[in-house]
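Following the working numbering, the numbering of the sequence shown begins with 4 at its first residue and continues without gaps.
Yeah, the Cβ is synthetic: ideal placement off N, Cα and C, and Gly gets one too.
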Amino acid sequence: MEFSDESQIPKITKEQFAQVVAATRPYVVLILKAGPRYEMPSPERSPEIQAVIGAHAMRNSAMQKAGLMPIVCPIADGSGVTGAGVFDLSLEDATRVMDGDPAIQQGVLTYELHPCFSLPIPLPVPQGVRGAADR
Numbered sequence: 004m005e006f007s008d009e010s011q012i013p014k015i016t017k018e019q020f021a022q023v024v025a026a027t028r029p030y031v032v033l034i035l036k037a038g039p040r041y042e043m044p045s046p047e048r049s050p051e052i053q054a055v056i057g058a059h060a061m062r063n064s065a066m067q068k069a070g071l072m073p074i075v076c077p078i079a080d081g082s083g084v085t086g087a088g089v090f091d092l093s094l095e096d097a098t099r100v101m102d103g104d105p106a107i108q109q110g111v112l113t114y115e116l117h118p119c120f121s122l123p124i125p126l127p128v129p130q131g132v133r134g135a136a137d138r
C-alpha cells in the first residue's frame with residue numbers, strides 16, 4: 004500500500020468514532036533496544052550473538068503463532084532500536100515473557116514495555132467506512 008494524499012483516509016462520523024473507541028482493549032507495546040552485547044546484523048556478527056538472536060527470533064515467532072504477540076517487527080536501521088511488537092497480555096505477563104527472552108538474559112537486547120489501548124487485532128472496520136480494499 005502507498006499513501007498519495009489525504010483522499011485515502013476515509014471520513015468517519017462521531018458515531019463511527021464512538022464505535023471505534025468502544026471496541027478498544029488493552030495491549031502492551033514492546034520496544035527492543037541494543038544491549039551492551041549487541042552486534043549489528045552483518046557477516047561479521049559473532050556466531051554466539053547470532054545464535055542468541057536466532058533463539059530470540061524463533062521464540063518471537065512461536066509467541067506470534069500462539070497469539071501472545073500478534074505483531075512482531077524487527078528493526079535493523081542502525082538507530083539503536085532493534086524491534087517493536089504488541090503483546091496481547093497484561094503488563095505483568097509481558098514482563099515475565101521478556102525476562103525469559105534469551106537475548107535479554109544474555110545482555111544482547113534491552114526492552115521497554117508500554118501499556119496501551121487499541122482496536123482488537125485483526126482490526127475491524129467501523130460500519131459504513133470503506134477500507135482501502137473497497138476502493
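Taking one C-beta from the stretch 55-74 and one from the stretch 83-94 each time, how about it: are there three or more such pairs within less than 8 Å?
Counting Cβ pairs under 8 Å, three or more are found: they touch.
Which complete beta strand (DSSP E) runs does the stretch 28-78 hold, if anything under 3 residues is left out?
If we require 3 residues or more, the beta strand (DSSP E) runs fully inside the stretch 28-78 come out as 28-37, 74-77.
Under the assumption that Leu-116 contacts Lys-36 (Cβ atoms under 8 Å), give the Cβ distance between them as a whole number of angstroms.
Counting from one through the sequence shown, the residue named residue 116 turns up at place 113. Counting from one through the sequence shown, the residue named residue 36 turns up at place 33. Actually they are not in contact, since the Cβ atoms of Leu-116 and Lys-36 sit about 12 Å apart, beyond 8 Å.
Can you tell me whether Val-55 is buried or exposed? The criterion is at least 16 other CB atoms within 10 Å of its CB, across all chains shown.
Within the sequence shown, residue 55 is the residue found at index 52, counting from 1. Buried: at least 16 other Cβ atoms inside 10 Å.
How many whole angstroms separate the CB atoms of Ala-79 and Pro-44, which I take to be in contact at a CB cut-off of 8 Å?
In the sequence shown, the residue the question calls residue 79 occupies position 76. In the sequence shown, the residue the question calls residue 44 occupies position 41. At roughly 5 Å, the Cβ-Cβ gap stays under 8 Å, so Ala-79 and Pro-44 are in contact.
So for Pro-118, helix, strand or coil by DSSP?
For this step, residue 118 is matched to residue 115 along the sequence shown. The answer is strand: DSSP assigns Pro-118 an E or B state.
Which residue marks the beginning of the alpha helix (DSSP H) containing Val-100, and which one marks its end?
Locating residue 100 in the sequence shown gives position 97, counting from the first residue. 94-102 is the span of the alpha helix (DSSP H), which, as asked, contains Val-100.
Do three or more CB pairs link the stretch 20-33 to the stretch 97-114 at distances below 8 Å?
Because the criterion of three Cβ pairs below 8 Å is met, the stretch 20-33 and the stretch 97-114 touch.
Assuming Val-111 is part of the beta strand (DSSP E), what are its boundary residues?
To locate residue 111, count along the sequence shown from 1; it is residue 108. Val-111 -> no beta strand (DSSP E), and no H or E assigned at all.
Exposed or buried, Asp-8, counting other C-beta atoms within 10 Å across all chains shown (16 or more means buried)?
On the sequence shown, residue 8 is found 5 positions in, with the first residue counted as 1. Exposed is the call here.
Rounded to the nearest angstrom, how far is the Cβ of Leu-92 from that of Val-23, given a contact under 8 Å?
Start at 1 with the first residue of the sequence shown, and residue 92 comes out as number 89. Start at 1 with the first residue of the sequence shown, and residue 23 comes out as number 20. Contact doesn't hold; Cβ gap of about 23 Å is too wide.
With H, G and I counted as helix, E and B as strand and the rest as coil, what does DSSP make of Phe-90?
What you label residue 90 is simply residue 87 of the sequence shown in a count that begins at 1. The answer is strand: DSSP assigns Phe-90 an E or B state.
Let's test the definition: count the other Cβ atoms within 10 Å of the Cβ of Ala-26 and tell me whether it reaches 16, buried, or not, exposed.
For the purposes of this step, residue 26 is identified with residue 23 of the sequence shown, where counting begins at 1. That one is exposed.
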